[in-house]
Each structure stands twice: as structure tokens, then as C-alpha cells.
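Written out below as C-alpha cells is the structure these notes cover.
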Amino acid sequence: MEKVSETTVELVLTELKRIRRELQRLEDLLMEESLELNEDELKELLREARDESIGWVKLEDLPKPED
Numbered sequence: 021m022e023k024v025s026e027t028t029v030e031l032v033l034t035e036l037k038r039i040r041r042e043l044q045r046l047e048d049l050l051m052e053e054s055l056e057l058n059e060d061e062l063k064e065l066l067r068e069a070r071d072e073s074i075g076w077v078k079l080e081d082l083p084k085p086e087d
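Under our numbering, the first residue of the sequence shown is numbered 21, with each subsequent residue one higher.
As C-alpha cells, then:
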């Protein structure tokens with residue numbers, strides 16, 4: 021197995037935390053009682069949907085968060 025530097029591990033952990041926050045934000049968006057989106061939310065969703073740099077994955081394919 022390859023050795024991984026401590027800096028690399030820290031970067032990965034930081035990115036995982038950012039992804040968890042983003043997932044929480046998206047879950048909160050989906051869990052809203054109102055099914056209507058305001059104009060800003062709709063623009064943001066459309067921008068993200070068209071952004072080819074975003075690598076979309078299925079929720080089932082993501083690692084389970086540690087409690």
C-alpha cells in the first residue's frame with residue numbers, strides 16, 4: 021500500500037466536511053414543506069444542473085456518514 025502524507029489526509033477530511041455541509045444544505049432544500057422555489061433557488065439549481073464540472077452521484081453511492 022502507498023503511504024499518504026498527513027497533508028493529503030487533512031485535505032481529504034476538509035473536503036469531506038464541505039461535501040457533508042453541501043449535502044445537508046441540499047437535503048434541507050428538499051425537505052422544505054413548500055414545494056415552490058423562489059427565483060434565486062431556481063436559478064441556483066439550474067446553474068448547478070448545467071455545470072459540467074459538478075460530478076453528480078447517486079445518494080446510494082456515497083459513503084455512509086459516521087455518527
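Ideal Cβ positions, reconstructed from N, Cα and C, are used throughout, including at glycine. These numbers were taken from a predicted model, which means no experiment stands behind them.
Exercise. Can you tell which of Gly75, Leu46 and Thr34 has the C-alpha that lies nearest to the C-alpha of Glu64?
Worked result: Here residue 64 corresponds to residue number 44 of the sequence shown, with the count starting at 1. Here the closest residue by C-alpha is Leu46.
Problem set entry | Where Lys84 sits in the DSSP three-state scheme | By one-based count along the sequence shown, residue 84 stands at place 64. Coil.
Exercise. Span of the alpha helix (DSSP H) holding Lys23?
Worked result: On the sequence shown, position 3 is the one that residue 23 refers to. Run containing Lys23: none; DSSP gives neither H nor E here.
Problem set entry | In chain order, each alpha helix (DSSP H) run of at least 4 residues that lies wholly inside the stretch 33-84 | 59-70
Problem set entry | Whole-angstrom distance between Trp76 and Asp48, CA atom to CA atom | Walking along the sequence shown from the start, residue 48 turns up at place 28. Walking along the sequence shown from the start, residue 76 turns up at place 56. Each residue's alpha carbon lies about 18 Å from the other.
Exercise. How about Arg40 and Pro85: are their beta carbons less than 9 Å apart?
Worked result: For this step, residue 40 is matched to residue 20 along the sequence shown. For this step, residue 85 is matched to residue 65 along the sequence shown. Going by C-beta atoms, Arg40 is nearer than 9 Å to Pro85.
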